[in-house]
Structures are given as structure tokens and as C-alpha cells.
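All remarks here apply to the structure that follows.
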Amino acid sequence: MNRTWWKEAVIYQIYPRSFMDSNGDGIGDLRGITDRLDYLKYLGIDVIWMSPVYKSPNDDNGYDISDYQAIMDEFGTMEDFDELLAKAHEKGIKIVMDLVVNHTSDEHRWFLESRKSKENEYRDYYIWREGKGENMPPNNWGSCFGGSAWQYDEKTSMYYLHLFSRKQPDLNWDNPEVRSNVFNMMTWWCEKGIDGFRMDVISMISKTPDMPDGEVNGLYGDYGPYCVHGPNVHRYLQEMNEKVLSKYNIMTVGETPGVTTKLAMQYAGEDTHELNMVFQFEHVEGDGKYGKWTDERLPLTTLKRTLSRWQTELYGKAWNSLFWNNHDQPRAVSRFGDDRPQYRKTSAKMLATCLHMMQGSPYIYQGEELGMTNYPFESPADFRDIESINAYREWCESGRVPHDIFWPCITWKSRDNARTPMQWDDTEQAGFTSGTPWISVNPNYREINAKAETADKDSVFHYYKKLIALRKENPVMVYGKYELLWEESEELFVYTRTLEQESLLVVCNFTEKEVPFTLPEQFVGMPCLISNLENNYEKQDLTLRPYEAFVLRK
Ligand code: TEU
Ligand code: CA
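With my numbering applied, the sequence shown covers 45 to 598.
Listed below in C-alpha cells is the structure:
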């Protein structure tokens, strides 16, 4: 397996809107990030992935871009960006940009032109189709954020495709001009000195031209088979690689919903010349009751089976990302651990152990290193996210599912859980802003905040810091071969990593129960690399306490 810097890197995701507000308008910004670089340096991360900071009307918080070469007004200026990049580089931190090119905003110049007339030179930059009849869209596809995936446009009496909100029209990648414009824009950022791209829904850029109805599951048809891993996606990525990516020493990660291990070997194979790694969702999906909404957890055996399959099938062939949460997912400790006060810290550290010891590049989502939790939503008025707002309307206000049943599901999975402000200290608004934050601060900020965490050597923060440092000293964490043990256990996640003569044994108790565990012979008496509780790991027969985790090295 080739050794590369991005396989060894730990990536920290920033959601700029919620990270740090430097000017009191309640919205996080670029200067806020620059001000907090020392905190990230102290944590020890190598790379920052910033969610989009480009000009945007913010229908989907920056994932609807109206100018790829300008900064969103609320976030600052291009000078602020240049300063952030320079200061990060001074500290040895790399910056990866979010690249959202499956769609633009409907306020992007290309779309404003495109919708003007059928003859406009930008018409073919987007995907326009005739309806099937009056008030009948071209097919039955539903959009990710509710409603039809087609929007009727009066001006030319045709529909345009939007797999996300109607303010996010899909670009037509089959048009070579679209591709060359996107590649030029990427080159412009690379020349500025950025260190890579995280590519939003990059598995969806190629659509089957005939666009048949999809299988109906809920209110609308599923576009999946026709838009995800479409006919030309690999060709377009290889072209992108040839024209842009291969010319720079950058990191590329493809957000690839719906990817299988087999497809990942193509998207992010060792020598397929597309992307460096995939960012896939199999371990955080499949638990939904109403679409993606649910209040139930997956059994541990299911989670282990999924994660293990990715570990073993990609080994030596392709590279994966490791994450428990991001800006689209609920908080890791609430979802996979236990956020009750007596277990929050221990279970957050357990989850970190389990993830950082696996193969892949670990991603830490802002606040995860503090053990930040889900938000205690009280009413739908608390939501800011277009997906949660629309879902509540479509599932609940429509009368399909009663509020009392739907409420625990939407609050458990809402993306807004991840988007509440970063908790810096125990002052008003958690030190995030001197004004009124755009979304409420989690009321637990007085106990859970960066100031308290950095001051306490036994904190979740210091545990993450230690895990990150260990990765730098132990190539086995990066390159070792993975093997799952105790496969049938619903309580314990146990695996080994092996590189040449060296092995790690990773043991994590995912429950609040005391669980007996017998050390495999070869690890008896071996030193402990890290553990989240004090214990004597020299005896062979152990009783693990709730959420206990440890790693032995042989
Ligand atoms: O998300 C795309 C994606 O994978 C969706 O399934 C996503 O999980 C969504 O949150 C529905 O639950 C990317 C971005 O990460 C997301 O923030 C954007 O809203 C979306 O693309 C559109 O750009
Ligand atoms: Ca601000």
C-alpha cells in the first residue's frame, strides 16, 4: 500500500456559520476561524475541511452557491480568506475546500441566464425537460428536501431538475462547457494554494439521459438508480483528475452517497486516477422509519458488520474516511454513545477510540472533541435547517404521522443537532458570539465547553489530542490490517490491527452494562496504549465497565 500524507492526516471539519463569530452579528465567519487556529493546532489536527464559504443566498447554508470565486458576505472577504489560508499554513495546517458542483444556486449567473430563454447560451448548463402535461412534471422523482425534484419555470414553460432544494438546480455535466468552467474554477483555487477539495454529492453528477420514473417509496419516485453513480461519473472524474487534480499535491475526498465497497475501489482506488478517498454513509444509514427519520438505534452487530466490511474489502485497494458525525448527522455521543451526564465523557472517548484505531482518515466534526451533544428541541420553530423544516411539514403537518410519534424521530436525526454553535466557554452564548446567534446555543454549554475541556487533563478533548498524537507515532494505526473479533457480541466492538511484527488490540464496550472479556492469549501482559478508564489490563479475564475502551500493543 502506498504511503501518503493524506492517509496519515487527521481532518477537522468546520461548519463556519457555527464555529466562531468575530463581529457580533451572530454568524460565524472566516476571521473567527483564524482567531481559533491555535486551538486547532493545540488539538493536533493536520487538515481543516471547511463547509462552503462561497457567495450564497443560504437556502441550504452555503450548499447553494451563487459565485464560486467570491466569499459569502456574512463570512467576510477574499482578503479574510487569504489571511486564514496563510495563517493556517504558517502553523502547518492545511485547508480543504468544500466543492459543490452537482448544483449551483438558482441565483448563480449561469442559471439566471439559463432560465431566460430556450436559446440562451447557458440553457444547456442545467437540466431542462418538458412536462408530461399540465401540472405534470417530466417524471415522478422526489427531491432530497421534499416535494418533486422538478420545478416548473413559467418563463419558458419547462421544468428544471433539482435533486435538492428548488434553489439548487442541478448542473448538466454532459455539457463540456460546464465541465471546463468547473475545472477552471478549481484550478483558480488550487493556484491560490488550497490543499484539497471535499466534493459534495460527487456520485450524483451524471444522470441517465432518458430519466424514467423511479420506484415509489413514500410520496415520490426514487431517482437513485438514474442519478447516483450515473453512466459517465467515472469518465468525468478521470477528466477532472487529468485536467486539475493530478497537477497539485492536494487531498480529494468524494462525498459519495450510495457507494458500495466495489464502487469505492473505482472512485478512490490506489491507481484509478479519480479521487483519494470516499466519504460514505453506510454505517450511518439504514435505520430510518419514515424516510431517514427514526428514534431507534441500529444493533451493534449491524454497525460492526458494515464498518468491518469497509475495513476488509478496501484493504490495500482503496481509501475511506472515518467519521461518526458531520454537519448532516446528529451528534456522535448522543447517537452512538450515551449523553447522560454519568456516561457522556466515557462514551465519547470510547467512540473516539473505536474510530481512530480503524483504517481510513479520521474526521472530527467541530465540538465532537468536546463531547458536544444533540440539542433539546422543544418545537418545530427551533429548526433552522431546510431539510428538517420541510420534513416536519411533509410527514407531520400533512397528517401522515402524528406529532407525538414523529417528534422523537426528527429531533433524534435533525441536522440542526450538529449546527448549534461551538461551545467555547461558559459565558453568555458559549463565547460564540457577543450578539444573538443565528441558531440557539445548546443549554449545556456551561458544563460542556472548550475552556473547561482544555483545562482538564482528563477531558474528552485531551483524549482526542492523545489519539491524534498516537497516530503520528504508530504507523500500525494507519496501515495495519484489520480483523474483527467477537463478531456476535451485541456489547463489545473488538478488533485487531496488524502491521508486520506489530499488533494492536482494540476493545470497546458500547453499553452501560458490565461485560466480561477474556484477552486473546497473545495480548496478555502487553502494554496499554490508551484507555478511557483506569484499569489493570494485565490479567487475562477482565470485567469491562460501562463504555470502557482500551488498546493494547504487542
Ligand atoms: O449532502 C448530501 C447527502 O448525502 C444527503 O443525503 C445529506 O445527507 C442530506 O443531509 C440529507 O439528509 C450534501 C451536504 O453535505 C449537505 O449539507 C447538503 O445539503 C447537500 O449535499 C446538498 O448540497
Ligand atoms: Ca460574524
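Built from N, CA and C at the ideal position, the CB exists for glycine as well.
Three-state secondary structure (DSSP) of residue i
i: residue 185; result: strand
i: residue 585; result: strand
i: residue 324; result: coil
i: residue 346; result: helix
i: residue 103; result: coil
i: residue 110; result: coil
i: residue 259; result: coil
i: residue 226; result: helix
i: residue 76; result: helix
i: residue 577; result: coil
i: residue 277; result: helix
i: residue 169; result: helix
i: residue 214; result: strand
i: residue 64; result: coil
i: residue 299; result: strand
i: residue 461; result: helix
i: residue 126; result: helix
i: residue 147; result: strand
i: residue 593; result: strand
i: residue 362; result: strand
i: residue 268; result: helix
i: residue 451; result: helix
i: residue 94; result: strand
i: residue 29; result: Nothing about residue 29 can be reported from this structure: the residues present for the chain run from 45 to 598 only.
i: residue 155; result: helix
i: residue 241; result: strand
i: residue 205; result: strand
i: residue 137; result: coil
Residue i versus the options, residue with shortest Cα-Cα distance
i: residue 475; options: 268, 66, 598; result: 66
i: residue 561; options: 590, 80, 380, 90; result: 590
i: residue 188; options: 161, 245, 218; result: 245
i: residue 157; options: 185, 504, 200; result: 200
i: residue 250; options: 371, 147, 358, 293; result: 147
i: residue 341; options: 348, 335, 331, 349; result: 331
i: residue 243; options: 261, 170, 324, 175; result: 324
i: residue 79; options: 493, 99, 503, 124; result: 124
i: residue 322; options: 286, 361, 337, 339; result: 361
i: residue 498; options: 86, 47, 61; result: 86
i: residue 337; options: 436, 346, 247; result: 436
i: residue 18; options: 142, 223, 141, 178; result: Because the chain in this structure spans residues 45 to 598, residue 18 falls outside the shown range and cannot be described.
i: residue 530; options: 134, 596, 564; result: 564
i: residue 511; options: 456, 566, 572; result: 572
i: residue 45; options: 490, 109, 150, 404; result: 404
i: residue 348; options: 180, 380, 369; result: 380
Sub-8 Å separation of residue i and residue j beta-carbons
i: residue 212; j: residue 103; result: yes
i: residue 417; j: residue 378; result: yes
i: residue 344; j: residue 537; result: yes
i: residue 427; j: residue 440; result: no
i: residue 64; j: residue 70; result: no
i: residue 316; j: residue 240; result: no
i: residue 114; j: residue 122; result: yes
i: residue 172; j: residue 202; result: yes
i: residue 376; j: residue 412; result: yes
i: residue 304; j: residue 358; result: no
i: residue 366; j: residue 406; result: yes
i: residue 339; j: residue 453; result: yes
i: residue 56; j: residue 463; result: no
i: residue 374; j: residue 493; result: no
i: residue 76; j: residue 185; result: no
i: residue 145; j: residue 226; result: yes
i: residue 513; j: residue 88; result: yes
i: residue 298; j: residue 272; result: no
i: residue 445; j: residue 292; result: no
i: residue 593; j: residue 300; result: no
i: residue 143; j: residue 248; result: no
Residue i: CB within 7 Å of a non-hydrogen atom of ligand 3
i: residue 459; result: Absence of ligand 3 from the depicted structure is noted, with ligand 1 and ligand 2 being the only ligands included.
Minimum Cβ-Cβ distance from residue i to chain B less than 8 Å
i: residue 331; result: Within the model displayed, chain B is absent; a lone protein chain is all it includes.
Whole alpha helix (DSSP H) elements within the segment 406-448, 4-residue minimum: 430-435
Validate contact between the segment 278-289 and the segment 309-318 using beta carbons, cut 8 Å, 3 pairs: yes
Contact the segment 507-525 vs the segment 539-548: 3+ CB pairs below 8 Å: yes
3 or more residues per run - each beta strand (DSSP E) lying fully within the segment 481-568: 525-529, 536-543, 546-553, 559-562
Secondary structure, alpha helix (DSSP H): runs of 4+ residues fully inside the segment 377-411: 388-400
Cβ pair count under 8 Å reaching 3, the segment 472-492 against the segment 551-569: no
Inter-stretch contact at 8 Å, needing at least 3 Cβ pairs: the segment 282-291 / the segment 252-262: no
At least 3 beta-carbon pairs within less than 8 Å: the segment 46-65 vs the segment 88-95: yes
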